[in-house]
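Q:
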Amino acid sequence: MVFSKYMQSLPNQQTDTIKQIANLTSSTTTSVYRWIAGKARPPLVKQKLIAEFLGFKLDELFPPEEKGGEA
1 MVFSKYMQSL PNQQTDTIKQ IANLTSSTTT SVYRWIAGKA RPPLVKQKLI
51 AEFLGFKLDE LFPPEEKGGE A
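In the numbering used here, the protein residues as written are 1 to 71.
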């Protein structure tokens, strides 16, 4: 399950989980909201922390980005 979809599936605990992830990764809640919205991607070290915290494998929560061939 991708990070954004997982977080959106937690309507009642989403705010608390966002705060916990922000504290865990030494990030702002604004950054976490941007990661959820897909506007930014956390650095790899933070991805690993988030995946471990949520109980997912890294590549399940943050699949590798596809390289686009835009010219």
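Glycine included, each C-beta is placed from N, C-alpha and C at the ideal position.
As the structure is a prediction and not an experimental result, all values here were calculated from the model.
If you run the structure through DSSP and keep just helix, strand and coil, what is Ser9?
A: Numbered from 1 along the sequence shown, position 9 holds the residue referred to as residue 9. Coil.
Q: May I have the straight-line CA-CA distance separating Thr17 from Gln8, to the nearest angstrom?
A: Your numbering for residue 17 matches position 17 in the sequence shown. Your numbering for residue 8 matches position 8 in the sequence shown. In a straight line, the C-alpha of Thr17 is about 11 Å away from that of Gln8.
Q: Whole angstroms is fine: what's the gap from Thr30's alpha carbon to Leu61's?
A: Indexing the sequence shown from 1 puts residue 30 at position 30. Indexing the sequence shown from 1 puts residue 61 at position 61. In a straight line, the C-alpha of Thr30 is about 19 Å away from that of Leu61.
Q: With C-beta atoms as the reference, is Ser4 less than 8 Å away from Gly38?
A: The count along the sequence shown starts at 1 and reaches residue 4 at position 4. The count along the sequence shown starts at 1 and reaches residue 38 at position 38. Yes; because the gap between Cβ atoms is below 8 Å, this pair is in contact.
Q: Are the CB atoms of Leu24 and Leu58 within a distance shorter than 8 Å?
A: The residue given as residue 58 occupies position 58 in the sequence shown. The residue given as residue 24 occupies position 24 in the sequence shown. No. Outside cutoff.
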